[in-house]
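Data block below; observations after.
Protein chains: 2
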Amino acid sequence: MSDAETEGRGRRGRGGRGAGGGGRAARQASRSGGAKAFKPYISRGIGYFEPFNEEHLATIEYNADTVLQEIGIEFRDDPETLEIWKEAGADVQGERVRFERGMLRQIIQKTAPSVITQHARNPARTVKIGEGNSVLVPAYGSPFIRNLDEGRRYATIEDFRNFVKLAYMSPGLHHSGGTVCEPVDLPVNKRHLDMNLTHMTLSDKPFMGSVTAPERAQDTVDMCKILFGDEFVDQNCVVINLINANSPMIFDDTMLGALKVYARNNQACVISPFILSGAMSPVTVAGTLTQIFAEAQAGMALTQLVRPGAPVVFGTFASSISMQSGAPTFGTPEPSLVLYGAGQLARRLGVPFRSGGGLNASKTPDAQAAYEAANTLQTAALGGVNFMLHTAGWCEGGLAMSYEKFVMDADQAAMMGRLLEGPDMSENGQAMDALREVGPGNHFLGCAHTQANFENAFYRSPLADNNSFEQWESEGSKTMEERANEYYKKLLNQYEAPAIDEGVKEALEEYVAKKKESMPDANY
Amino acid sequence: MSDAETEGRGRRGRGGRGAGGGGRAARQASRSGGAKAFKPYISRGIGYFEPFNEEHLATIEYNADTVLQEIGIEFRDDPETLEIWKEAGADVQGERVRFERGMLRQIIQKTAPSVITQHARNPARTVKIGEGNSVLVPAYGSPFIRNLDEGRRYATIEDFRNFVKLAYMSPGLHHSGGTVCEPVDLPVNKRHLDMNLTHMTLSDKPFMGSVTAPERAQDTVDMCKILFGDEFVDQNCVVINLINANSPMIFDDTMLGALKVYARNNQACVISPFILSGAMSPVTVAGTLTQIFAEAQAGMALTQLVRPGAPVVFGTFASSISMQSGAPTFGTPEPSLVLYGAGQLARRLGVPFRSGGGLNASKTPDAQAAYEAANTLQTAALGGVNFMLHTAGWCEGGLAMSYEKFVMDADQAAMMGRLLEGPDMSENGQAMDALREVGPGNHFLGCAHTQANFENAFYRSPLADNNSFEQWESEGSKTMEERANEYYKKLLNQYEAPAIDEGVKEALEEYVAKKKESMPDANY
Chain A
1 MSDAETEGRG
11 RRGRGGRGAG
21 GGGRAARQAS
31 RSGGAKAFKP
41 YISRGIGYFE
51 PFNEEHLATI
61 EYNADTVLQE
71 IGIEFRDDPE
81 TLEIWKEAGA
91 DVQGERVRFE
101 RGMLRQIIQK
111 TAPSVITQHA
121 RNPARTVKIG
131 EGNSVLVPAY
141 GSPFIRNLDE
151 GRRYATIEDF
161 RNFVKLAYMS
171 PGLHHSGGTV
181 CEPVDLPVNK
191 RHLDMNLTHM
201 TLSDKPFMGS
211 VTAPERAQDT
221 VDMCKILFGD
231 EFVDQNCVVI
241 NLINANSPMI
251 FDDTMLGALK
261 VYARNNQACV
271 ISPFILSGAM
281 SPVTVAGTLT
291 QIFAEAQAGM
301 ALTQLVRPGA
311 PVVFGTFASS
321 ISMQSGAPTF
331 GTPEPSLVLY
341 GAGQLARRLG
351 VPFRSGGGLN
361 ASKTPDAQAA
371 YEAANTLQTA
381 ALGGVNFMLH
391 TAGWCEGGLA
401 MSYEKFVMDA
411 DQAAMMGRLL
421 EGPDMSENGQ
431 AMDALREVGP
441 GNHFLGCAHT
451 QANFENAFYR
461 SPLADNNSFE
471 QWESEGSKTM
481 EERANEYYKK
491 LLNQYEAPAI
501 DEGVKEALEE
511 YVAKKKESMP
521 DANY
Chain B
1 MSDAETEGRG
11 RRGRGGRGAG
21 GGGRAARQAS
31 RSGGAKAFKP
41 YISRGIGYFE
51 PFNEEHLATI
61 EYNADTVLQE
71 IGIEFRDDPE
81 TLEIWKEAGA
91 DVQGERVRFE
101 RGMLRQIIQK
111 TAPSVITQHA
121 RNPARTVKIG
131 EGNSVLVPAY
141 GSPFIRNLDE
151 GRRYATIEDF
161 RNFVKLAYMS
171 PGLHHSGGTV
181 CEPVDLPVNK
191 RHLDMNLTHM
201 TLSDKPFMGS
211 VTAPERAQDT
221 VDMCKILFGD
231 EFVDQNCVVI
241 NLINANSPMI
251 FDDTMLGALK
261 VYARNNQACV
271 ISPFILSGAM
281 SPVTVAGTLT
291 QIFAEAQAGM
301 ALTQLVRPGA
311 PVVFGTFASS
321 ISMQSGAPTF
331 GTPEPSLVLY
341 GAGQLARRLG
351 VPFRSGGGLN
361 ASKTPDAQAA
371 YEAANTLQTA
381 ALGGVNFMLH
391 TAGWCEGGLA
401 MSYEKFVMDA
411 DQAAMMGRLL
421 EGPDMSENGQ
431 AMDALREVGP
441 GNHFLGCAHT
451 QANFENAFYR
461 SPLADNNSFE
471 QWESEGSKTM
481 EERANEYYKK
491 LLNQYEAPAI
501 DEGVKEALEE
511 YVAKKKESMP
521 DANY
C-alpha cells in the first residue's frame with residue numbers, strides 16, 4: 001500500500017477537518033441568504049407527479065421489448081462487448097444485438113442497486129442517489145462560457161475552477177459535477193487530469209469522472225484511489241460517470257470503453273440516451289420513451305454483466321427540435337412528458353433515475369432562459385429525478401455556461417429542496433395558537449408564533465428583488481442578471497478551499513504531473 | 001322584452017358570425033406560431049400533483065372547523081348578511097359569526113355546483129370551470145403598465161383595450177379577464193362601465209365583472225342582460241367575479257354587497273382570501289391553509305344562502321413575505337405548497353378552484369419575473385387550478401402590467417394546455433412503425449411517420465429563440481423582452497374585432513352613456 005493510499009484512507013478517518021471546510025461554506029451561503037442548515041442531498045417528503053397510468057407504462061415496456069427483440073441495438077467497434085452479450089445468451093449478428101423479451105429487465109433487476117451511496121471525501125457531503133433522494137448537479141460539457149462583462153468566449157481551466165468553487169459554495173447544489181465547462185486552453189488528452197484534480201482539491205462535494213477515452217476513465221479511477229484508498233474504491237462508489245448512447249440504438253467503443261472501466265471498478269455509470277426527438281427518436285412522446293427505455297436497458301444490463309451489482313443509473317436527456325429549423329428546443333411540454341414517463345419507468349424497474357435540470361436554448365440569462373430552466377427544473381423535481389445533471393449554469397442548448405445563470409439556478413435548486421421537503425404538519429406547523437392569538441382583523445407579524453418561526457419560515461432568495469419599485473429604481477434598476485453578476489463575484493471573493501491532507505494533495509498533483517509528462521499534447 | 005334583449009338573445013343564436021371572428025383570431029395566432037386548433041379551455045388528460053396525504057387534509061379540515069367554531073369570521077357593516085347567518089342557525093354576536101363544525105361544508109355541498117359553465121357571447125368560447133377543466137385568465141388589478149418603450153407609467157383605458165385585444169388573440173388564454181389594468185384616466189365611479197363595454201365588444205371570450213361597489217356589480221349584470229338577454233342571464237352564468245376576503249377572517253361590506261348582487265343574479269363569485277403569509281396568516285403552510293379554508297367556506301356558504309345553486313369558486317391568493325422587509329415574495333416553495341393543498345381541499349369539498357398563474361415580484365420581465373412566473377404557473381397547472389387568474393402580464397407583485405410579459409406568459413399558458421392534455425398513446429403516438437423504419441444509426445427527420453406528424457408534433461413558441469448563437473447575434477442579440485416588444489405590437493396591428501350585432505353594441509353604448517350622465521365624476 002503506497003503512502004498516498006494510506007493518506008487517502010487516513011483522510012477519510014479525519015472527517016472533522018473536511019467537514020469544517022464544508023461548514024464554513026454552508027455558513028457563508030446561509031449568511032448570503034440561502035436555505036436552512038446544509039443538507040447533503042434532498043430526501044423527499046412528498047410524492048411524485050405521475051401522468052402515465054398503468055396501461056400506458058405497460059404499453060411502453062412492451063414496445064421497448066419489441067424494439068430490443070426485433071430491431072436490436074448496435075455495439076460498434078467493440079468485440080469484447082459483443083462477446084459479453086453472446087455469453088449472456090443474446091442474439092449477436094455482426095454488431096447488432098437482439099434480446100429476448102424481458103431478458104435485460106431480468107439482468108438489471110437481479111443485481112443493480114436501487115439506491116447508490118456516492119462517497120465524498122468529506123463524509124458530510126456523501127450523497128444517496130435513488131429512491132426518494134435527489135442530488136442536484138451543475139451543468140456539464142459547455143465549450144463556451146458567458147458573463148455580463150465579457151459576453152461569450154471559449155472556456156478555460158480558470159473558468160472550470162470558478163464553477164467548481166461556486167458549486168462548492170451553493171447550498172442548493174449537492175455535487176461538484178463533471179465537465180462543468182470544457183477547459184479548451186488545455187490539450188484534449190490531458191484536460192481530464194486537471195479537471196479531476198480541481199474537483200478533488202477545490203471542493204469536497206462528490207464529483208464525476210472522465211468518459212472521453214477508456215484510459216482517461218482509468219486515470220480517474222487511479223486518482224480516486226489516491227484520494228480514497230484502493231480497497232475503499234473497490235467496495236464503494238466514489239465517482240459517477242456519464243455514458244451517452246448514440247441514439248438511435250447505438251453504443252460506440254469510446255462510451256463502451258469508459259463504461260467497462262467504471263463498472264469493473266464498481267463505480268457508477270449513468271446510461272443516458274441523448275435524444276433530440278424528431279431527429280434521434282420518433283416525433284412523439286410515447287415513441288421517444290420506448291426508444292429511451294430500450295437503449296437505457298441495454299446499457300444498464302451491460303454494466304451488470306461486467307460486474308454484477310455495479311452502481312448504474314437510468315439516464316435520459318430528451319429535448320424536442322424545432323421542425324422548422326432543426327434546432328433543439330427546451331422547457332416545452334413534450335420533453336416534460338418524456339421526463340415524467342421515464343421517471344415512472346425507472347421506478348418500476350427499480351433503478352435510480354437521471355435527467356436534466358435547468359435546460360434552455362437562450363443565448364443569455366434572460367426571461368427565455370428562466371422560463372425554460374424553471375419548466376425543466378419543476379418537471380425534474382416533481383418527476384423524481386435522483387441525479388439532476390445540468391441544474392445550474394446551462395445556456396444556449398448546452399453550448400455556453402453562464403456565470404450569472406449558474407447562481408440564479410443554484411438559488412432555484414435550493415428552492416426545490418424546500419419544496420420537496422413537503423409541508424410541516426407538526427403542531428407548530430399547524431399554528432393554531434397563532435390563529436387563536438391574532439383573530440379577525442389583526443396581523444400576524446408580531447405574534448409569538450411568528451417571532452418563534454420567522455427566521456426559517458420562508459425560503460429567502462439572495463437574488464430576487466422584492467423591494468418596492470422606488471427602492472429598486474434608486475438602487476440602479478438592476479435586472480436579475482446584473483444582480484447575479486455582482487453575486488457570483490462576491491462568492492468567488494469569499495471562497496475558501498476546504499481542508500485537504502497535504503500528502504494526498506501532493507500525491508494527486510504528482511500523478512497529474514507524471515501523466516502529463518508521459519505523453520505529447522494532443523487535441524483528440 | 002326590449003329590442004336590446006332580443007338582439008342579445010338573437011346574437012347568441014347566430015353564433016356563426018361570432019365564431020367567424022374567433023376563428024380568424026385563432027388562425028392568425030396559429031400562423032404566428034401558437035398551438036394547435038383553438039380549444040376554448042383545457043380539459044386535462046392527466047392527474048394532479050397532490051403532496052398532502054389523507055391525514056394532512058383531514059387535519060386541516062378539522063382545524064378550519066375549529067377556527068370557524070371558536071374564533072369565527074367577522075362580517076363588517078352589513079346587517080343583512082348577519083341576518084342571513086342568524087336565519088341559517090349560525091352563532092351571531094355583534095359582527096362576529098361562529099359556525100358549528102361541518103355546518104358550512106354541509107351548506108356548500110348541498111347546492112354548490114362542482115363545475116360552472118360560463119357562457120361567452122360567442123358560444124365557441126364558452127368555458128367550463130371546475131373538475132378537470134382549466135381556464136387561463138389574464139392578470140387583474142394593476143394601476144401601472146410597463147413596456148420597453150415607455151418604462152412604467154399609470155395605466156389608461158387605451159392600455160385596458162390593448163390587453164383585452166391581446167387576450168382575445170392569445171390561444172393559450174381562454175378568458176378576457178376583468179380589471180386587466182386600472183384605467184386611472186377615468187373616474188373611479190365610472191371606470192367599470194368602460195371596462196365592461198370593452199370586454200363585451202372588443203373580445204368574444206368570457207369576462208369578469210365589477211366588484212368595487214354593489215351598484216357597479218348591478219351595472220355589470222344589467223349590461224350582461226343587454227348582451228345575453230334577461231332570462232338567459234337569470235338561468236346561466238355569463239360573468240364571474242372576484243370577491244376577496246379581508247384576511248384574517250373578515251369580509252367587508254363592499255365585497256359582501258357585490259357578492260350578494262352576483263349570487264342573487266345567479267352569477268359566479270370567486271371567494272378569495274388574499275393572503276401574504278406571515279402578515280395576514282400564520283407563517284406556516286398548514287396554518288395558512290387552515291385559515292384560507294375557513295374563510296373561503298364562509299364566503300362560499302353565504303352565496304348558497306343568498307341563492308342556492310349559485311355558481312361559486314373556492315379561491316386562493318397566497319404569497320409569502322420577506323421576513324426582513326415585509327415585501328411580498330412569489331414563486332417560492334411555501335406558497336406552492338399552499339396552492340397544492342388548497343386545490344386538494346377544493347376537490348374534496350367538490351367545488352371549482354381558483355388560484356394565480358404567473359405571479360412574480362420583479363420590476364421588469366427579466367429572469368426573476370420568468371423564474372417566479374414559471375414556478376407559479378407550473379404549480380397552478382399541476383395543482384389543478386380551474387380558474388387561473390393572473391396567468392399573463394403580472395409584474396411587480398401585481399402593481400404593474402407588462403406588455404412584454406403578457407405575450408411571454410400567454411406563450412407559456414399555451415404550453416400548459418399541451419402539457420395537461422397528456423401523452424398521446426394511440427398507435428400513431430406509439431410510433432412503432434417509425435422505430436422499425438429508421439433503426440440503429442439513422443435519423444428520423446425524413447421518415448414517413450415524422451413527415452405525417454411534424455406540423456403539430458411539438459409546441460412552437462412564437463417568442464423563444466432556438467437559433468444558433470451566430471444567427472441570434474446577426475439578428476441583433478435580442479433578449480426575449482425585446483422580441484416580445486416587437487411581437488405584441490405586431491399582434492395589436494393585426495387585431496380585428498370579433499363581429500357583434502350592431503344593435504346590441506349600440507344598446508350597450510347607450511347604457512354606458514346614460515349611466516355616465518346620471519352621476520358626477522368621483523374618485524372613490
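Chain order of the listed sequences is A and B.
Every letter in the first sequence is one number past the one before it in UniProt numbering, and letter 496, counting from 1, is 496.
Every letter in the second sequence is one number past the one before it in UniProt numbering, and letter 354, counting from 1, is 354.
Glycine included, C-beta positions come from ideal geometry on N, C-alpha and C.
Problem - Backbone secondary structure at B/Glu-131 - three-state DSSP - result: coil
Practice task
Using a threshold of 8 angstroms, state whether the C-beta atoms of B/Thr-284 and A/Asn-453 are closer than that.
Solution key: yes
Handout entry: Interface residues of the region 81-101 of chain A facing chain B [CB-CB below 8 angstroms]
Key = Arg-96
Handout entry: Proximity test, Cβ basis, 8 angstroms: B/Gly-34 and chain A
Key = Residue placement at B/Gly-34 cannot be trusted, given a pLDDT of 38 that sits under 50; the coordinates are not used to answer.
Practice task
If I'm right that B/Leu-508 touches B/Ile-226 with Cβ under 8 angstroms, what's the distance once you round it to whole angstroms?
Solution key: 5 angstroms
Handout entry: 6 angstroms Cβ shell around A/Ile-240 - same chain, five flanking residues per side excluded
Key = Gln-118, Met-208 and Ala-268
Exercise for the section: Please check if any C-beta of chain A sits within less than 8 angstroms of the C-beta of B/Ser-281. Expected result: yes
Exercise for the section: Quick one: give me the first and last residue of the alpha helix (DSSP H) that B/Cys-224 is part of. Expected result: 214-228
Exercise for the section: Give a yes or no on whether the minimum CB-CB distance between B/Lys-363 and chain A is below 8 angstroms. Expected result: yes
Practice task
Report yes or no: is there a C-beta of chain A within less than 8 angstroms of the C-beta of B/Arg-31?
Solution key: Any answer about B/Arg-31 is weak, because its pLDDT of 39 lies below 50 and its placement is not dependable; what the coordinates show is given next. By this cut-off, B/Arg-31 is not an interface position.
Problem - Own chain residues within Cβ distance below 6 angstroms of B/Leu-305, not counting five before or after - result: Ile-84 and Ala-88
Practice task
Would you decide whether A/Tyr-524 is buried or exposed? Buried here means 16 or more other CB atoms lie within 10 Å of its CB.
Solution key: exposed
Exercise for the section: Pull up the distance between the alpha-carbon of A/Glu-150 and that of A/Ser-402, whole angstroms please. Expected result: 11 angstroms
Handout entry: First and last residue of the uninterrupted beta strand (DSSP E) at A/Gly-357
Key = Element bounds for A/Gly-357: n/a, residue is neither H nor E.
Practice task
Go through its chain and collect everything with a Cβ distance to B/Asn-485's Cβ below 8 angstroms, but skip five positions before and after it.
Solution key: Asn-147, Leu-148, Asp-149, Tyr-403 and Glu-404
Practice task
Determine the burial state of B/Gly-326: buried for a count of at least 16 other Cβ atoms within 10 Å of its Cβ, exposed for fewer.
Solution key: exposed
Practice task
Label B/Asp-409 either buried or exposed according to how many other C-beta atoms from any shown protein chain fall within 10 Å of its C-beta, with 16 as the threshold for buried.
Solution key: buried
Problem - Burial state of A/Asn-493 (16 or more Cβ within 10 Å) - result: exposed
Problem - Span separating the alpha-carbon of A/Lys-515 from that of A/Ser-362 - result: 39 angstroms
Handout entry: For B/Thr-126 and B/Gly-22, the rounded distance between their alpha carbons
Key = Because B/Gly-22 sits at a pLDDT of 37, beneath the cut-off of 50, its placement in the model cannot be relied upon, and the following sentence gives the value as read from the coordinates. Approximately 12 angstroms, taken between the alpha carbons.
Exercise for the section: Would you mind sorting B/Met-519 into buried or exposed? The rule is 16 or more other CB atoms within 10 Å of its CB. Expected result: exposed
Handout entry: Cβ-based neighbour list, A/Arg-11, same chain, cut-off 6 angstroms, excluding 5 preceding and 5 following
Key = Any answer about A/Arg-11 is weak, because its pLDDT of 34 lies below 50 and its placement is not dependable; what the coordinates show is given next. So the qualifying residues of the chain are Asp-501 and Val-504.
Problem - Residue of A/Asn-442, A/Gly-441, A/Pro-423 and A/Leu-377 minimising C-alpha distance to A/Asp-411 - result: A/Leu-377
Practice task
Going by DSSP, name the residue or residues bridged to A/Asn-523.
Solution key: Bridge partners of A/Asn-523: none, in fact.
Practice task
Answer with buried or exposed for A/Asp-521, where buried requires no fewer than 16 other C-beta atoms within 10 angstroms of its C-beta.
Solution key: exposed
Problem - Inter-residue spacing [alpha-carbon to alpha-carbon] between residue 527 of chain A and A/Ser-43 - result: For residue 527 of chain A there is no data in the structure shown, the boundaries of chain A being 1 and 524.
Handout entry: As assigned by DSSP and simplified to three states, the class of B/Thr-156
Key = coil
Problem - B/Ala-26, buried or exposed, once every other Cβ within 10 Å from all chains shown has been counted against 16 - result: Note that B/Ala-26 scores 37 on pLDDT, short of 50, meaning its location in the model is unreliable; the coordinates nonetheless yield the value given after this. Its Cβ being crowded by 16 or more others within 10 Å, B/Ala-26 is buried.
Handout entry: chain A contact residues for B/Glu-74, given Cβ-Cβ distances below 8 angstroms
Key = Pro-440 and Gly-441
Exercise for the section: Work out the CA separation of A/Arg-101 and A/Ala-367 for me, nearest whole Å. Expected result: 46 angstroms
Practice task
Give the DSSP-derived three-state secondary structure of B/Glu-50 in the structure shown.
Solution key: coil
Exercise for the section: State yes or no: is the C-beta of B/Ala-380 within less than 8 angstroms of the C-beta of B/Gly-356? Expected result: yes
Exercise for the section: Kindly list the residues whose CB is nearer than 8 angstroms to the CB of B/Glu-437, restricted to its own chain and excluding five residues on each side of it in sequence; keep chain order. Expected result: Cys-447, Ala-448 and His-449
Exercise for the section: Count the other C-beta atoms from every protein chain shown that fall within 10 angstroms of the C-beta of B/Tyr-62, then say buried if there are 16 or more, exposed otherwise. Expected result: exposed
Exercise for the section: Report the rounded CA-to-CA distance for B/Ala-217 versus B/Ala-258, giving the unit in angstroms. Expected result: 6 angstroms
Practice task
With A/Arg-76 as the anchor, note down where its beta strand (DSSP E) starts and where it stops.
Solution key: Where A/Arg-76 is concerned, there is no enclosing beta strand (DSSP E), given that its DSSP letter is neither H nor E.
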